[in-house]
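**Student:**
Protein chains in written order, with my numbering: chain A, 78 to 671; chain B, 31 to 412.
1. When the Cα of residue 230/B is compared with those of 184/B, 277/B, 258/B, which residue comes out closest?
2. Chain B beta carbons: is any one of them nearer than 8 Å to that of residue 275/A?
3. By Cβ distance, which residues of its chain are closer than 8 Å to residue 223/A, with the 5 residues on each side in sequence left out?
4. By the criterion of Cβ-Cβ separation under 8 Å, what are the contact partners of residue 337/B in chain A?
5. Determine the direct distance from the alpha carbon of residue 218/B to that of residue 96/A, and round the result to whole angstroms.
6. Assign residue 440/A to one of three DSSP states: helix, strand, or coil.
7. Sort out for me which residues DSSP pairs residue 370/B with in a bridge.
8. Tell me where the beta strand (DSSP E) around residue 244/A begins and ends.
9. Can the beta-carbon of residue 355/B be found less than 8 Å from the beta-carbon of residue 102/A?
10. Residues of chain A with a CB under 9 Å from the CB of residue 225/B: which are they?
11. Quick one: does residue 90/B have its CB under 8 Å from some CB of chain A?
12. Opposite residue 203/A in the DSSP bridges: which residues?
13. My output table needs one value for residue 460/B: the three-state DSSP class, helix, strand or coil.
14. So, is residue 94/A buried or exposed, given that buried needs 16 or more other C-beta atoms within 10 angstroms?
15. In angstroms with no decimal places, state the Cα-to-Cα distance between residue 170/B and residue 128/B.
16. Are there three or more Cβ pairs, one per stretch, closer than 8 Å when the region 365-380 of chain B is compared with the region 103-116 of chain A?
17. Check the Cβ of residue 341/B against every Cβ in chain D and list those closer than 9 Å, keeping chain order.
18. Could you check whether residue 452/A and residue 402/A sit closer than 8 Å to each other, using their CB atoms as the reference points?
19. Taking only beta-carbon positions, decide if residue 105/A is within less than 8 Å of chain B.
20. Pull up the DSSP beta-bridge partners for residue 145/A, would you.
21. Kindly list, in the order they appear in chain B, the residues whose Cβ is closer than 9 Å to that of residue 127/A.
22. Which two residues bound the contiguous beta strand (DSSP E) that contains residue 590/A?
23. At least one CB of chain A closer than 8 Å to the CB of residue 42/B: is that the case?
24. Would you list the residues sitting across from residue 229/A in a DSSP beta bridge?
25. Given residue 457/A, which residues of its chain have a CB within under 7 Å of its CB, disregarding the five upstream and five downstream residues?
26. Would you mind listing the beta strand (DSSP E) stretches within the region 361-424 of chain A that are 3+ residues and don't spill past its ends, in chain order?
27. Along the region 118-144 of chain A, where does the CB come closer than 7 Å to a CB of chain B? Name the residues.
28. Quick one: complete alpha helix (DSSP H) runs, 4+ long, within the region 512-583 of chain A?
29. Is the Cβ-Cβ distance between residue 500/A and residue 571/A less than 8 Å?
30. Just the Cα atoms here: how many angstroms apart are residue 182/A and residue 206/A?
31. Applying a beta-carbon distance threshold of less than 7 Å, which residues of chain A neighbour residue 113/B?
32. Answer with yes or no whether the minimum CB distance from residue 168/A to chain B is below 8 Å.
33. In the structure shown, what three-state DSSP assignment does residue 58/B receive?
34. Using a 10 Å radius around the Cβ and a threshold of 16 neighbouring Cβ atoms, would you call residue 132/A buried or exposed?
35. To the nearest angstrom, how far is it from the Cα of residue 439/A to the Cα of residue 559/A?
36. Nearest-angstrom Cα distance between residue 203/A and residue 371/A?
What follows is the structure, given as structure tokens:
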């Protein structure tokens, strides 16, 4: 060793090293403080931010609730399908993915290419893919192609009550009808699963966590009865074809509580293929979307019409209520009435001659009702229209309900009053008429027509009975009794004779409404009837839109209602009454129309 | 270990083995050895945890990086034990040679170096890549310790100091051209050794101020280093804050007790350099606050024990050697944990003994061997 100097020289300020070490320890304490801040105080913030980049949420579809009729027959169910999507960052061979998917799914290659090449976390290619086809694609194990299980709505009866039930869209959301009105009930809550991913977005196996189970949607029990509905539809279809009508509606409702047993609005459409036009709508003008909208539209709820003579039920009830007329008051019909400077004709040009009020209703005599209307006056008339709910929506549980169109009360002139008394010069929906007539015949209770009966759980236990508004005393019980008697006479002795069914007491009123503009030769023939007439349990409206040939309600609509009653009353458990003598004389009245 | 016996034997050694190359027998500081073994084994484990995902993604064996690290660790420990038996005074003979060699190698990098991460720092040496800046650190430690002992009078004047640090400064500049972080570490070693050796505070204070302002100027002048300041102050909004934010996500996810060993998510491609500069983030994420503090305490104990050796060195050369090694480890340690926690601006420095890197580990263990060598000849406490 050459240099021994260092052995003799000892640095005296080695303690300065302690300053340095002290500084290091101090700095370490600062870092520890920083760590405590990061890992304890702000831990949630940073861990949350980390989770946001590390996790990807995948939703688990909830099963949509089923729809049943009142007997428990399933009207809308689900079938398993799959949805197929691509994850851009995971695709290894884009060309193969594009080619395979376009072949398998029968889709345009350019369309798929656009989505495959789009830089997004997840791009949906197609939903509602058949399970088997999806399984084939799943088995191919293409990188970046995701196949997820899903449900598709399926309607076992296809066209049955299509305008009521409606259908769902690609994401199983309701689009029209009951499906959209009760969407919240039926939809359920989607579950989710958070999967951990690495920086490239590839899911890390066995690291799935936070699985939230989906909550299946609740089921819905409707007031509809499949048997009555299908009978009504077949009857309506029969009439539609026989009369080459544009549309035929048959509504069957319980006037006591507003439960709708059937709402046929033919032509119906196939709920499983809602985007295929049915034959009727192909003739319509406008683009495809307009045609589809028309096809899906429920006339009885979304459209208004002039109810015509059927509205005499309301006028008569109002007049009786105000005591401006009684059953046996005398009237004279010369076949017309001059109001102000206008001559308004009765349907019977030769006139009904001398007649009582009761006969006026039976004959559906316009001059009688013009007189009654004049006695009543606009103020009283409108008071009762309001009481019978004709200025408001019925509150039915279907979307797109139309409102009535009336003159403003202060603008009603004598002529208007005369015309309105027999159901012209204003517009209401068929369902509003049903509701008003219900109140007239059920003792004065204004019900809410409805389809929803119960909400049930997965195991069909009732969770909620759906309640609807009812307003008492729309008219007095006394008037109601009189009206039932008068309307029974319309069927047993008057214009509604063709609705007569052996062994049952049936009440009703015929109508033949001109469609606007007047004189276009288009009519709506209708009949509103109820049974049993002394204690009405079934109210039926038959509505034939633009029939060809004979267009009188009493001739073509009343017999349809009769047929419906003949079939559904025994089915609903109403016994034929034994008293069955005088009838057969109905034929006498057959020539009389209105 | 019986202290009295130990010191007796070291005194005996000093007498008898003063001039021999090998120091036979004598005191051996098992405390340092034990801490080093714990840190190195822990490091291999953490390298495995933090690199296995990357290894698999790159089509390698999941333990690829861990195995390489383990081999270097074994080699390094052998080097450490052998070095500890060398009489440290012999290094004085080679101080000049080592210094010139370091300068030459640092210059050589510019000629035959291979690039990695945008900087040329490596010399290919057969199957391994050798980082010449690593050899510069022990070379500067030995050179500075030797110079401060033999030319201690130079420390009294600014002019003298400049003469003293001229060669190491050349080396630091050459390194700093490509690798600012290592240059900072080397600069710190030079300053701390002079600080301990110098009889006067004032000169060093001036020197320190000059150094700090030079460093600040360098940071401000060089564009991309200015960006680092912005990334440090506003990591969430800065373009360059990505790495810092990923590190903070990892640390924040750890909480008190961590996700558990091997359970880090951030190592799966989110955290750049997860097995290297950012390994401390993975430690925090997997082992939590307690694990992180544990690691910090291990380092502090190691540094305190090395300081003990330095204070009991038989001569000032040994003391200054230890000072240099302590500075090297301490500066890298505080810069690394400071960067990872965003306490200081981002600069790429590895965590000593733990981060992946063969050259670095072997040379660090060699330096520990030097400290252990000094400990064999410790004088008794006065």
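Yeah, the Cβ is synthetic: ideal placement off N, Cα and C, and Gly gets one too.
**Tutor:** If we stick to the structure as given:
1. Translated into the one-based positions of the second chain, residue 230/B becomes position 200. Looking at the Cα atoms, 184/B is the closest of the given residues.
2. By 1-based counting over the first chain, the position of residue 275/A is 198. Yes, residue 275/A lies at the interface with chain B (some Cβ there is under 8 Å from its Cβ).
3. Taking the first chain and counting its residues from 1, one reaches residue 223/A at position 146. For residue 223/A, where only same-chain residues beyond five positions count, the Cβ hits under 8 Å are 161, 162, 163, 164, 199.
4. Walking along the second chain from the start, residue 337/B turns up at place 307. Ordered by position in chain A, the residues that pass the 8 Å Cβ test against residue 337/B are 94, 95, 98.
5. As a first step, residue 96/A is located in the first chain; it is residue number 19 there, counting from the start. As a first step, residue 218/B is located in the second chain; it is residue number 188 there, counting from the start. If you take the alpha carbons of residue 96/A and residue 218/B, they lie about 14 Å apart.
6. The residue given as residue 440/A occupies position 363 in the first chain. The answer is helix: DSSP assigns residue 440/A an H, G or I state.
7. For the purposes of this step, residue 370/B is taken as the residue at position 340 of the second chain. Beta-bridge pairing links residue 370/B to no other residue.
8. As a working note, residue 244/A is residue 167 in the first chain. That residue, residue 244/A, is in no beta strand (DSSP E); it is neither H nor E in DSSP.
9. What you label residue 355/B is simply residue 325 of the second chain in a count that begins at 1. What you label residue 102/A is simply residue 25 of the first chain in a count that begins at 1. No. Outside cutoff.
10. Here residue 225/B is taken as the residue at index 195 of the second chain, counted from 1. Per Cβ cutoff of 9 Å: 90, 93, 94, 96, 97.
11. As a first step, residue 90/B must be located in the second chain, where it is residue number 60. No, its Cβ sits nowhere closer than 8 Å to a Cβ of chain A.
12. Translated into the one-based positions of the first chain, residue 203/A becomes position 126. Bridge partners of residue 203/A: 161/A.
13. Limits of chain B in this structure are 31 at one end and 412 at the other, which puts residue 460/B out of reach.
14. Sequence index remark: in the first chain, residue 94/A carries index 17 (1-based). Answer is buried; the Cβ neighbour count reaches 16.
15. Start at 1 with the first residue of the second chain, and residue 170/B comes out as number 140. Start at 1 with the first residue of the second chain, and residue 128/B comes out as number 98. One C-alpha to the other measures close to 8 Å.
16. These segments touch.
17. Absent from the structure: chain D. Protein chains present are A and B.
18. Working through the first chain from its first residue, we reach residue 402/A at position 325. Working through the first chain from its first residue, we reach residue 452/A at position 375. A contact, by the Cβ cut-off of 8 Å.
19. For the purposes of this step, residue 105/A is taken as the residue at position 28 of the first chain. Closer than 8 Å to some Cβ of chain B, the Cβ of residue 105/A qualifies, so yes.
20. Start at 1 with the first residue of the first chain, and residue 145/A comes out as number 68. 151/A, 298/A.
21. Numbered from its first residue, the first chain carries residue 127/A at position 50. By Cβ distance, chain B contributes 276, 278, 279, 280, 282, 283, 295, 296, 300, 315.
22. Stepping through the first chain from its first residue, residue 590/A is reached at position 513. Element bounds for residue 590/A: 584-591.
23. Counting from one through the second chain, the residue named residue 42/B turns up at place 12. Low confidence applies here, because residue 42/B scores a pLDDT of 45, under 50, leaving its location unreliable; read the following figure in that light. Closer than 8 Å: no.
24. As a position in the first chain, residue 229/A is number 152, starting the count at 1. According to DSSP, which records beta bridges pairwise, residue 229/A is partnered with 156/A.
25. Taking the first residue of the first chain as 1, we reach residue 457/A at position 380. The answer, listed in chain order, is 395, 399.
26. 407-410, 413-416, 419-422
27. 119, 120, 122, 123, 124, 126, 127, 130, 131
28. Correct list: 554-569.
29. Indexing the first chain from 1 puts residue 500/A at position 423. Indexing the first chain from 1 puts residue 571/A at position 494. No, they are not a contact pair.
30. Position 105 of the first chain, counting from 1, holds the residue named residue 182/A. Position 129 of the first chain, counting from 1, holds the residue named residue 206/A. Each residue's alpha carbon lies about 8 Å from the other.
31. Sequence index remark: in the second chain, residue 113/B carries index 83 (1-based). Under the 7 Å cutoff, chain A gives no residues; its nearest Cβ is about 18 Å from residue 113/B.
32. In the first chain, counting from the first residue as 1, residue 168/A sits at position 91. Not closer than 8 Å to any Cβ of chain B, the Cβ of residue 168/A fails to qualify, so no.
33. The residue given as residue 58/B occupies position 28 in the second chain. DSSP places residue 58/B in coil when its eight states are reduced to three.
34. Counted from its first residue, the first chain places residue 132/A at position 55. Result: buried.
35. Residue mapping note: residue 439/A aligns to position 362 of the first chain, counting from 1. Residue mapping note: residue 559/A aligns to position 482 of the first chain, counting from 1. Per the coordinates, the alpha-carbon of residue 439/A lies some 14 Å from the alpha-carbon of residue 559/A.
36. Looking up residue 203/A in the first chain gives position 126. Looking up residue 371/A in the first chain gives position 294. C-alpha separation (whole angstroms): 27 Å.
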